[in-house]
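J.:
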Amino acid sequence: MFKLENTKKLKATLLSVGLSALLAISANASTKNEVAVDGAVKYPIKDGKYGPYYVNTQSIKGYNIGRDATQTEITAWDKDVMYDGTGLPEFDMEKGKVVLDEDGKPKKAEGSVEWGEELYDAQCAMCHGDFGSGGKGYPTLAGGTKESLKLQRLNPADEHPNPDSPVKTIGSFWPYASTLYWYIQDSMPFNHPKSLTNSETYALTAYLLSVNGITIDGEELGDDFVLNKENFVKIKMPNEDGFYPEVNTPENPQQGVKNMTALLSDPKIYGKGTRCMKDCIKEDVNNLVLKINVDLTDSAAQPLSTERSWPKADTKTLKPGQTEYEASCASCHANAAIGAPVLGDKAAWAKVMEKGLDKVYENGINGINAMPPKGGNMDLSDEKMKEIIDYMIDSSK
Numbered sequence: 001m002f003k004l005e006n007t008k009k010l011k012a013t014l015l016s017v018g019l020s021a022l023l024a025i026s027a028n029a030s031t032k033n034e035v036a037v038d039g040a041v042k043y044p045i046k047d048g049k050y051g052p053y054y055v056n057t058q059s060i061k062g063y064n065i066g067r068d069a070t071q072t073e074i075t076a077w078d079k080d081v082m083y084d085g086t087g088l089p090e091f092d093m094e095k096g097k098v099v100l101d102e103d104g105k106p107k108k109a110e111g112s113v114e115w116g117e118e119l120y121d122a123q124c125a126m127c128h129g130d131f132g133s134g135g136k137g138y139p140t141l142a143g144g145t146k147e148s149l150k151l152q153r154l155n156p157a158d159e160h161p162n163p164d165s166p167v168k169t170i171g172s173f174w175p176y177a178s179t180l181y182w183y184i185q186d187s188m189p190f191n192h193p194k195s196l197t198n199s200e201t202y203a204l205t206a207y208l209l210s211v212n213g214i215t216i217d218g219e220e221l222g223d224d225f226v227l228n229k230e231n232f233v234k235i236k237m238p239n240e241d242g243f244y245p246e247v248n249t250p251e252n253p254q255q256g257v258k259n260m261t262a263l264l265s266d267p268k269i270y271g272k273g274t275r276c277m278k279d280c281i282k283e284d285v286n287n288l289v290l291k292i293n294v295d296l297t298d299s300a301a302q303p304l305s306t307e308r309s310w311p312k313a314d315t316k317t318l319k320p321g322q323t324e325y326e327a328s329c330a331s332c333h334a335n336a337a338i339g340a341p342v343l344g345d346k347a348a349w350a351k352v353m354e355k356g357l358d359k360v361y362e363n364g365i366n367g368i369n370a371m372p373p374k375g376g377n378m379d380l381s382d383e384k385m386k387e388i389i390d391y392m393i394d395s396s397k
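No gaps in the numbering here: position 329 of the sequence shown is 329 in the numbering used here, and each next residue is one more.
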């Protein structure tokens, strides 16, 4: 048995030795390998191997994670518009910066119903129909009433189902006009989204509200009505309260949510029914079966083919401009629902050619109506664009 006389001095000595050893080890490790943030050691890639594992050196060559977005870039994309008007722009913007007018002052964002009608006819009617009446596979934007939302298609399996159904449009169904503004600016026109200015979006919103019979402070939206941030927040849509359950809350429909939550949270309302264990179905079972009206017996009984040969290769020579057309133009000009003249439609292209070939070239290169310049593919040269147009014309004679 023994006794240490100077424990403080011994502790200091041991601590000093320990720190020295740790620093020496760390220094030695840092000269050989890097240490990751989490404490793991990162080994160098040597002779195409990371430790004992081979790596594809080509795949990591020049790799980076980009850079942080600038505040200007964030502002340009941060366009959320909330139901209470939060996010509605006060001025016109371009690339995240406020647009200035001729006097050097911020240009106020606003648009009239009349201007909105011009924009709609040029960029929207081709898909959504005149006055938002719908057609060509795209949604109907106007018409219907709030009362129609209570209609349901009853018994669709019947031979004569109820023909009436809810008519859901901007005026009859949407609870807030902010959704209309935000969606137009963020996603429209279909083939060239985010191309509308704030003022143009206000104008289109004003027009669509007008054809739906929406009023602001009791005022009908005539051609001269101008929509902007100040009067936008006064819009009251007919179906604003239509998304709350009707449970004895005529004064405050939003209270219905709380009432329903309290009701469904009460365990006493569950399990009170009497289970039927015998002879539960009173109707004829045949009346409850959903049957297929079309006889598929013949087609379903056909024997499967045993032919396994490859289809014949297409040996046709592609025409000049055909490859580029299929890559850059077919998405619109091969789809009648878009509204653009469809390839092969002789009548449509005959009408286009009434403008003259030079004008058709010009419209294809510079864009027209909802069609962006060169169909949105700015990598195409003017000569290549003319080649595509020639192909479309020749294929539509």
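We put the beta carbon where it would ideally sit given N, CA and C, even for glycine.
1) What is the DSSP secondary structure of K95, counted as helix, strand or coil?
2) Secondary structure at G356, three-state DSSP: helix, strand or coil?
3) Do the segment 82 to 102 and the segment 175 to 184 touch if we need at least three Cβ pairs shorter than 8 Å?
4) For a minimum of 4 consecutive residues, which ranges assigned as the alpha helix (DSSP H) are wholly contained in the segment 274 to 331?
5) Please name the residue, chosen from M392, N377, K386, that lies closest to H192 on a Cα-to-Cα basis.
6) By alpha-carbon positions, which one of Y391, G375, G218, P267 ends up nearest to K236?
7) Which whole-angstrom value describes the C-beta separation of V197 and D78, a residue pair presumed to lie in contact below a C-beta threshold of 8 Å?
8) In the DSSP output, what is M371 paired with across the bridge?
9) Given 8 Å as the limit, is there contact between the segment 98 to 106 and the segment 125 to 145, that is, 3 or more CB pairs closer than that?
10) Below 8 Å, how does it come out for the segment 219 to 231 and the segment 111 to 118: are there three or more Cβ pairs, yes or no?
11) Taking the beta carbon of E354 as the centre, do at least 16 other beta carbons fall within 10 Å, making it buried, or is it exposed?
12) Tell whether a beta-carbon distance below 9 Å holds between T72 and K95.
13) Count the other CB atoms, across all protein chains shown, that sit within 10 Å of the CB of M126; report buried if there are 16 or more and exposed otherwise.
14) Out of K397, G339, K346, S381, which has the shortest C-alpha to C-alpha gap to A122?
15) As a quick exercise: from L288, A313, K168, K316, pick the residue whose alpha carbon is nearest that of L149.
16) Counting along the chain, where does the alpha helix (DSSP H) carrying G403 start and finish?
T.: A quick look at the data gives this:
1) coil
2) coil
3) yes
4) 297 to 300, 322 to 328
5) N377
6) G218
7) In the sequence as presented, Val is not what sits at residue 197; that position holds Thr. Going by Cβ atoms, the distance from T197 to D78 rounds to 17 Å, so no, they are not a contact pair.
8) I368
9) no
10) yes
11) exposed
12) yes
13) buried
14) G339
15) K168
16) Coverage of the chain is limited to positions 1 through 397, which leaves residue 403 absent and any answer about it impossible.
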